[in-house]
Amino acid sequence: MRQTPTFWSNCEEIINPDDSVPLAGATNVLAGCLEHNDFLGDDAVSQGVRDFVG
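Sequential numbering of the sequence shown, starting at 9, is according to my numbering.
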């Protein structure tokens with residue numbers, strides 16, 4: 009069974025504290041320094057989601 013990925017950023021301005029985002033039992037992916045809405049247009053995050061859903 010594949011682990012569900014979570015994508016998080018240490019520059020997140022909405023979800024604080026940053027270290028509350030990683031989830032036990034998931035593949036926690038540091039997406040770099042992205043603000044909250046930047047996840048929507050980030051190519052690496054989009055590819056990671058497509059790879060999981062794929």
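Ideal placement from N, C-alpha and C gives every residue a C-beta, glycine not left out.
Keep in mind the model is a prediction, meaning the values are calculated, not measured.
Out of PRO13, ASN18, GLN55, point me to the one whose CA is closest to GLY33's CA. On the sequence shown, position 25 is the one that residue 33 refers to. Ranking the options by Cα distance to GLY33, first place goes to PRO13.
If you check the beta carbons only, do ASP50 and LEU42 fall under 7 Å apart? Taking the sequence shown and counting its residues from 1, the one referred to as residue 50 is at position 42. Taking the sequence shown and counting its residues from 1, the one referred to as residue 42 is at position 34. Yes; because the gap between Cβ atoms is below 7 Å, this pair is in contact.
Helix or strand or just coil, what does DSSP make of LEU48? To locate residue 48, count along the sequence shown from 1; it is residue 40. If DSSP states are grouped into helix, strand and coil, LEU48 belongs with the helices.
Three-state secondary structure (DSSP) at VAL53? Your numbering for residue 53 matches position 45 in the sequence shown. The answer is helix: DSSP assigns VAL53 an H, G or I state.
Run through DSSP, which three-state label would VAL37 get? Counted from its first residue, the sequence shown places residue 37 at position 29. In this structure, VAL37 counts as strand in the three-state DSSP scheme.
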